[in-house]
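Peer 1: Residue numbers (my numbering), protein chains in the order written: chain A, 655 to 781; chain B, 655 to 781.
Dropping the structure in here first, questions after.
Number of protein chains: 2
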Amino acid sequence: MIAQYICNQIVANFMETRRDVFQAIADPTRRAIIMLLAVGAMTPNAIATHFDSSRQAVSKHLLVLTECEVLKPQQQGREIHYHLNAEKMKDIEKWLEEFKQLFAQRFSQLDTVLALLKAKKNESGSI
Amino acid sequence: MIAQYICNQIVANFMETRRDVFQAIADPTRRAIIMLLAVGAMTPNAIATHFDSSRQAVSKHLLVLTECEVLKPQQQGREIHYHLNAEKMKDIEKWLEEFKQLFAQRFSQLDTVLALLKAKKNESGSI
DNA sequence: ATACTGCGCAATCACATGGTTGCAAATTTT
DNA sequence: AAAATTTGCAACCATGTGATTGCGCAGTAT
């Protein structure tokens with residue numbers, strides 16, 4: 655059993671709001687769009703030609719991606735070029751890194767908890 | 655403008671099915687659960703105490719995470735210990751790595767396309 | 001045997017999501 | 001000026017999602 659305060663800390667740290675990068679990459683179509691735009695900026699019509707779904711469906715994905723700040727629209731006359739905001743992708747990397755650290759240190763964290771429990775063995779056992 | 659065949663290849667490669675790791679980490683509660691279980695296996699009740707939502711709500715998240723093969727339930731008497739399948743997390747890392755490579759090589763890919771276009775300048779322009 | 005506990009499952013509900021069609025606004029072309 | 005193109009936006013629909021409540025079943029404790 656992990657000590658309560660450590661768990662609460664973990665939960666508090668990693669509970670975030672919606673409309674983030676994680677929602678952006680949740681949909682396979684959106685992941686494909688991200689990959690497409692990683693190569694270069696494109697217009698909605700150009701993007702849509704690569705998918706079975708309609709232009710409007712793709713456009714809605716572009717809206718979501720823009721709300722997640724993964725894409726940045728750039729108007730050029732009547733065309734809109736969607737650019738990738740590669741910086742946002744780092745949020746995923748950051749989370750993944752935090753996870754990997756937590757996972758790698760799981761034994762030492764348990765040791766910490768056990769040591770704390772041992773040190774407080776004479777007090778009330780709930781820490 | 656990116657050449658058609660490269661784009662189609664990208665789209666085909668990165669269109670995947672649902673119920674994958676990306677859906678697993680789309681929800682902030684599920685991300686927090688993953689972080690919790692990264693430290694050590696826990697029972698549904700123990701997990702639920704760390705969240706405001708009810709036990710059943712957490713249980714549904716556990717079901718989703720299990721379907722995504724991020725968690726593995728392990729029955730012990732009447733208790734079920736949910737273990738993290740850290741291997742599944744690598745799918746995210748893999749995707750992120752592919753993205754980073756694609757992004758880093760975007761200029762050279764454009765060069766490739768332009769070179770191809772130049773070589774075929776006398777044929778039909780669609781490649 | 002009889003409670004109690006831990007847990008999954010079904011029903012239900014509000015809301016989000018992905019998709020479609022239709023249309024209007026803005027820009028470009030003719 | 002008129003036609004065509006690119007695009008976003010609104011309405012609508014089917015389905016998915018997150019959450020709640022109620023319940024039943026399998027272990028455990030008394």
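Don't be surprised by glycine CBs; every beta carbon is placed ideally from N, CA and C.
It should be emphasised that the depicted structure is a prediction, and the values quoted were computed from it without experimental measurement.
Please report the straight-line C-alpha distance between residue 761(A) and residue 702(B), rounded to a whole angstrom.
Peer 2: Taking the first sequence and counting its residues from 1, one reaches residue 761(A) at position 107. Taking the second sequence and counting its residues from 1, one reaches residue 702(B) at position 48. Approximately 23 Å between the Cα atoms of the pair.
Peer 1: For residue 730(B), verify whether its CB is less than 7 Å away from any heavy atom of the ligand ATP.
Peer 2: Annotation note on the ligand ATP: not contained in the displayed structure, which lists no ligands.
Peer 1: Taking 8 Å as the cut-off, does the region 698-713 of chain B touch the region 742-757 of chain B (at least 3 CB pairs, one atom from each stretch)?
Peer 2: Flag = no, the region 742-757 of chain B and the region 698-713 of chain B do not touch.
Peer 1: Between residue 784(B) and residue 715(B), how many whole angstroms is the CB-CB distance? I'm expecting something under 8 Å.
Peer 2: Look at the range of chain B in this structure, 655 to 781, and you will see that residue 784(B) is not part of it.
Peer 1: How about residue 731(B): is its C-beta nearer than 8 Å to some C-beta of chain A?
Peer 2: Taking the first residue of the second sequence as 1, we reach residue 731(B) at position 77. No, because no Cβ of chain A sits closer than 8 Å to the Cβ of residue 731(B).
Peer 1: If residue 724(B) sits next to residue 746(B), beta carbons under 8 Å apart, how far is it from one beta carbon to the other, in whole angstroms?
Peer 2: Numbered from its first residue, the second sequence carries residue 724(B) at position 70. Numbered from its first residue, the second sequence carries residue 746(B) at position 92. Not quite, the Cβ-Cβ distance comes to about 10 Å (not below 8 Å), so this is no contact.
Peer 1: Quick one: Cα of residue 726(B) to Cα of residue 749(B), how far?
Peer 2: Taking the second sequence and counting its residues from 1, one reaches residue 726(B) at position 72. Taking the second sequence and counting its residues from 1, one reaches residue 749(B) at position 95. Distance between the alpha carbons of residue 726(B) and residue 749(B): 23 Å.
Peer 1: Use the C-beta contact count for residue 655(A): other C-beta atoms within 10 angstroms, 16 or more gives buried, fewer gives exposed.
Peer 2: Position 1 of the first sequence, counted from the start, is the residue given in the question as residue 655(A). Since pLDDT at residue 655(A) reaches only 42, below the 50 mark, its modelled position is unreliable, and no value is offered.
Peer 1: Just list the residues that DSSP pairs residue 733(A) with in beta bridges.
Peer 2: Translated into the one-based positions of the first sequence, residue 733(A) becomes position 79. Bridge partners of residue 733(A): 730(A).
Peer 1: Can you say whether residue 677(B) is buried or exposed, counting buried as having 16 or more other CB atoms within 10 angstroms of its CB?
Peer 2: As a first step, residue 677(B) is located in the second sequence; it is residue number 23 there, counting from the start. Classification for residue 677(B): buried.
Peer 1: Where residue 705(A) and residue 698(A) are concerned, what is the direct C-alpha to C-alpha distance, given to the nearest angstrom?
Peer 2: The count along the first sequence starts at 1 and reaches residue 705(A) at position 51. The count along the first sequence starts at 1 and reaches residue 698(A) at position 44. Looking at the two C-alpha atoms, the distance is approximately 11 Å.
Peer 1: Assuming contact is defined by CB atoms lying nearer than 8 Å, are residue 736(A) and residue 686(A) in contact in what I supplied?
Peer 2: Indexing the first sequence from 1 puts residue 736(A) at position 82. Indexing the first sequence from 1 puts residue 686(A) at position 32. No.
Peer 1: In the DSSP assignment, what are the bridge partners of residue 696(A)?
Peer 2: The residue you call residue 696(A) lines up with position 42 of the first sequence. Per DSSP, 736(A).
Peer 1: Sorted by chain position, which residues of the same chain lie with C-beta nearer than 8 Å to residue 690(B)'s C-beta, five sequence neighbours on each side aside?
Peer 2: If you number the second sequence from 1, residue 690(B) lands on position 36. Around residue 690(B): 696, 701 and 704.
Peer 1: Which word fits residue 719(A), buried or exposed, when buried means at least 16 other C-beta atoms lie within 10 angstroms of its C-beta?
Peer 2: As a working mapping, residue 719(A) is identified with position 65 in the first sequence. Flag for residue 719(A) reads buried.
Peer 1: For residue 777(B), collect the residues of the same chain with a Cβ closer than 8 Å to its Cβ; drop the 5 residues on either side in sequence, then sort them by chain order.
Peer 2: Against the second sequence, residue 777(B) aligns to sequence position 123. With a pLDDT of only 46 at residue 777(B), under the threshold of 50, the placement of this residue in the model should not be trusted, and no figure is reported.
Peer 1: So the alpha helix (DSSP H) residue 720(B) belongs to, where does it begin and stop?
Peer 2: To locate residue 720(B), count along the second sequence from 1; it is residue 66. Its alpha helix (DSSP H) spans residues 709-721.
Peer 1: Mind checking which residues open and close the alpha helix (DSSP H) that includes residue 677(A)?
Peer 2: Counted from its first residue, the first sequence places residue 677(A) at position 23. First-last of the alpha helix (DSSP H) with residue 677(A): 675-678.
Peer 1: Grab me the residues of residue 679(B)'s own chain with a C-beta within less than 6 Å of its C-beta, minus the 5 sequence neighbours each way, in chain order.
Peer 2: As a first step, residue 679(B) must be located in the second sequence, where it is residue number 25. Contacts found: 685.
Peer 1: Excluding five sequence neighbours on each side, which residues of the same chain lie with their C-beta closer than 8 Å to the C-beta of residue 692(B)?
Peer 2: Within the second sequence, residue 692(B) is the residue found at index 38, counting from 1. Excluding positions up to five away in sequence, the list reads 738 and 740.
Peer 1: Any beta carbon from chain B within less than 8 Å of residue 702(A)'s own beta carbon?
Peer 2: Position 48 of the first sequence, counted from the start, is the residue given in the question as residue 702(A). No, because no Cβ of chain B sits closer than 8 Å to the Cβ of residue 702(A).
Peer 1: Which residues share a DSSP beta bridge with residue 725(A)?
Peer 2: Within the first sequence, residue 725(A) is the residue found at index 71, counting from 1. Residue 725(A) is bridged to 738(A).
Peer 1: Does chain B have any CB closer than 8 Å to the CB of residue 777(A)?
Peer 2: Residue mapping note: residue 777(A) aligns to position 123 of the first sequence, counting from 1. Unreliable placement is indicated for residue 777(A), whose pLDDT of 47 sits below 50; no coordinate value is reported for it.
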